[in-house]
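Chemist: Have a look at this one.
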């Protein structure tokens, strides 16, 4: 018992050494006290009874062993001890709320008053004696009118919790699964080594002969120069096609090397972007060997990484020099309460965090999101890079006190940024006004190679059918109703047609704007937010050919989501008077309109209300905050479809195993053939018998092959 407490305390202290001043003492006490309840007679009898499952969480839960340490911290250390008590009480079940939750879940306030089995007589005094001076004051700035002391104390507690639970996992693993612990021992390359490899890769990559090549060289040089600036908040504003993916990595590695930062975390809003850019990073850093790039998102099963057991383990706590992940993974973790989700948080301290496509940060959660990012910058030694072609207006100003402090633009002053945008001005913008589908289809049919991006799946489907009815045999459809394997095959076909000069007419939803590098001479885009419009324009004359591309914006009567309608209205206001929709000034005006109009919705779910210490008690609602801060609120259910020979064989295999729960390999194999379906549509498919549950009800498969169209994907009207 003492060995375990010492091991956890030592590891937690080491984890906290990268945090603020004083954090190591907090983490050490959390490690020493987290299992004090195991000294009670009830728990000792439980162990001596020889229960084979004594090490399992479910078994431990039958004898409460976490409340004892929490009560001890609160009783001996006063108000700081109550903050530490959150971490200790939640080290298995998650950070609790202060006030009792629904469903009979006891809050910390109740647990601190709970009568528990005595343990003090059996615990060594050397482990339980508090420091003479109590807990040191955390080395963080607590006074801040925009965020409040409660938010900062809760953030600090979550960081200490991260140190504790990661240490507890690792210490237990070393004792119970030594082989697993040894697999963590992959020697990862240091930051300076990755920087050297990246510089060598870039040296042979770009020809400076073209306008695009010259712009990419300039951007790289700007990133090299800006890396010497002190850590803090940065923006990297560069047009699509300027090579900002590798340039942002160049800045991050050089900046980390210069200032002794520990790792780089690259985040983007969509898995398509993540998968594409992870490949770019791996290719650029291939000379570094294994252990350099860790990809962590929902399309990667961390329990099934063939031939790479290190990656599976590293994904648990982000012990790698370069992490590539989604906004959902990193941002929801910053507000999480569960141990598994919080475990990696201490790794973020003293890191460079790149948020690509920063304009996609969720508006309804913008206030808590910016508060968390600025907290990492101000109190945990992070540098934050907001990277995009359409920089959102996130600066702190009158009417927006929760914004970020003034950022430094990596590319230099306003003139330098404007010059780069002029050099990469690859398209001529046209405003076509309102077009009904018949007129739009006539225009598209008259083009040789064209992409049309619309706002909904239904519109994409109907417009494709209209083109086919007009005899356009080269019309192709692209949407999320197609499984990833189908979309990948279609994208490959589109690239081949574009490369050969063959005719191709693509109708797509906005998914083509996220991580799908296609290059059309003509692009049509239905009115939407200017950030989406700029992304679509990035698919037009992407490589900067001598002849400018045509980019056509049109209005449509087709219904769209509330979010798209609001963004489109803000775009119209920004364009009033005839501004260029792709200019930086117009985009800045758009974001001012868009954010200002929704100023009462920037914390629409009242996340910040969960961190209140104004009444003299730590009324911190960790579980409630985690529930409120969810980027994806509307759940989708995966349906495995019989696309191609491999998809068909997989569906047949799963239908034959209806009583067997799936193993992890099945989960991994199913990802390329899975389509997300919302609950209401799924009920209809289940009711019609088109979709059936398999594998003991854990998975859903399409039982009617005719319901998956080779051109349109899953038919929800089947």
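In this note's numbering, the protein residues as written are 3 to 720. Note that CB positions come from ideal geometry on N, CA and C, so glycine has one too.
With H, G and I counted as helix, E and B as strand and the rest as coil, what does DSSP make of residue 695?
Modeler: Residue 695: strand per DSSP, three-state reduction.
Chemist: DSSP on residue 57, reduced to helix/strand/coil?
Modeler: The predicted model places residue 57 with a pLDDT of 48, which falls under 50 and marks its position as unreliable; any figure quoted below should be read in that light. Reduced to three states, the DSSP call for residue 57 is coil.
Chemist: Short of 8 Å in beta carbon distance, which residues of its chain neighbour residue 657, apart from the five on each side in sequence? Order them along the chain.
Modeler: Answer for residue 657: 694, 696, 703, 705, listed in chain order.
Chemist: At the level of alpha carbons, what is the spacing between residue 626 and residue 130?
Modeler: Approximately 31 Å between the Cα atoms of the pair.
Chemist: Skipping 5 residues on each side, what residues in its chain have a beta carbon closer than 7 Å to that of residue 286?
Modeler: Excluding residues within five positions, the ones whose Cβ falls inside 7 Å are 200, 203, 248.
Chemist: What's the call for residue 358, buried or exposed, on a 16-neighbour Cβ count within 10 Å?
Modeler: Under this definition residue 358 is a buried residue.
Chemist: Let me know the alpha helix (DSSP H) ranges lying completely inside the stretch 484-571, each 4 residues or longer, listed in chain order.
Modeler: As far as the stretch 484-571 is concerned, its whole alpha helix (DSSP H) runs of at least 4 residues are 486-502, 532-539.
Chemist: When burial is assigned at 16 or more other CB atoms within 10 Å of the CB, is residue 718 buried or exposed?
Modeler: Residue 718 should be labelled buried.
Chemist: Report, in whole angstroms, the separation of the C-beta atoms of residue 101 and residue 623, which I expect to be a contact under 8 Å.
Modeler: Right, the Cβ-Cβ distance comes to about 7 Å (below 8 Å), so this counts as a contact.
Chemist: Under 8 Å, with one C-beta from each stretch per pair, do the stretch 626-635 and the stretch 324-342 reach the 3-pair mark?
Modeler: Flag = yes, the stretch 626-635 and the stretch 324-342 touch.
Chemist: Please identify the residue among 193, 392, 380 whose C-alpha is closest to the C-alpha of residue 294.
Modeler: The shortest C-alpha separation from residue 294 is found at 193.
Chemist: Could you tell me which of 427, 672, 620, 461 sits nearest to residue 152, measuring between CA atoms?
Modeler: Minimum Cα distance to residue 152 is reached at 620.
Chemist: Tell me where the beta strand (DSSP E) around residue 468 begins and ends.
Modeler: From DSSP, residue 468 is part of no beta strand (DSSP E) but of the alpha helix (DSSP H) over 459-471.
Chemist: Pull the bridge partners of residue 613 from the DSSP assignment, please.
Modeler: Bridge partners of residue 613: 622.
Chemist: Taking just the CA atoms, how far does residue 555 sit from residue 433?
Modeler: Using only the alpha carbons, I get a separation of about 5 Å.
Chemist: If you run the structure through DSSP and keep just helix, strand and coil, what is residue 432?
Modeler: Strand, per DSSP.
Chemist: Between the Cα of residue 373 and those of 353, 390, 396, 239, spot the shortest distance and give me the residue it belongs to.
Modeler: For the residues 353, 390, 396, 239, the minimum Cα distance to residue 373 belongs to 396.
Chemist: In the structure shown, what three-state DSSP assignment does residue 268 receive?
Modeler: Strand, per DSSP.
Chemist: Pick helix, strand or coil for residue 711, following the three-state DSSP scheme.
Modeler: DSSP places residue 711 in strand when its eight states are reduced to three.
Chemist: With three or more beta-carbon pairs closer than 8 Å as the criterion, would you say the stretch 503-513 touches the stretch 443-453?
Modeler: Judged by Cβ distances under 8 Å, the stretch 503-513 makes contact with the stretch 443-453, as three or more pairs qualify.
Chemist: Residue 652 and residue 670 - do their beta-carbons sit closer together than 8 Å?
Modeler: It is not a contact, given that the beta carbons lie outside the stated cut-off.
Chemist: If contacts are defined as beta-carbon pairs under 8 Å, then residue 22 and residue 381 qualify, I think. What distance do you get, rounded to the angstrom?
Modeler: Indeed they touch by this definition, with Cβ atoms about 6 Å apart.
Chemist: Within the chosen definition, does the stretch 605-621 reach the stretch 415-431 through at least 3 CB pairs nearer than 8 Å?
Modeler: No: fewer than three Cβ pairs fall under 8 Å.
Chemist: Which class does residue 477 belong to by DSSP, given the choice of helix, strand or coil?
Modeler: Correct three-state label for residue 477: strand.
Chemist: Do residue 266 and residue 324 count as a contact pair if the criterion is CB distance below 8 Å?
Modeler: Yes. Within cutoff.
Chemist: Count the other C-beta atoms from every protein chain shown that fall within 10 angstroms of the C-beta of residue 49, then say buried if there are 16 or more, exposed otherwise.
Modeler: The residue in question, residue 49, is exposed, as its Cβ has fewer than 16 Cβ neighbours within 10 Å.
Chemist: Would you kindly report the start and end of the unbroken alpha helix (DSSP H) that includes residue 112?
Modeler: Taken as a continuous stretch (DSSP letters only), the alpha helix (DSSP H) holding residue 112 covers 110-114.
Chemist: Taking contact to mean 3 or more Cβ pairs, one atom from each stretch, closer than 8 Å, check whether the stretch 639-654 and the stretch 346-357 are in contact.
Modeler: The stretch 639-654, when compared against the stretch 346-357, does not touch it at the 8 Å Cβ threshold.
Chemist: With a CB to CB cut of under 8 Å and the five nearest residues on each side skipped, what residues in its chain are close to residue 348?
Modeler: Taken in chain order, the residues that qualify are 17, 18, 20, 21, 161, 164, 165, 168.
Chemist: Going by DSSP, name the residue or residues bridged to residue 139.
Modeler: Its beta-bridge partners do not exist; DSSP assigns none.
Chemist: Return the CA-CA distance between residue 581 and residue 428, expressed in angstroms with no decimal places.
Modeler: Each residue's alpha carbon lies about 17 Å from the other.
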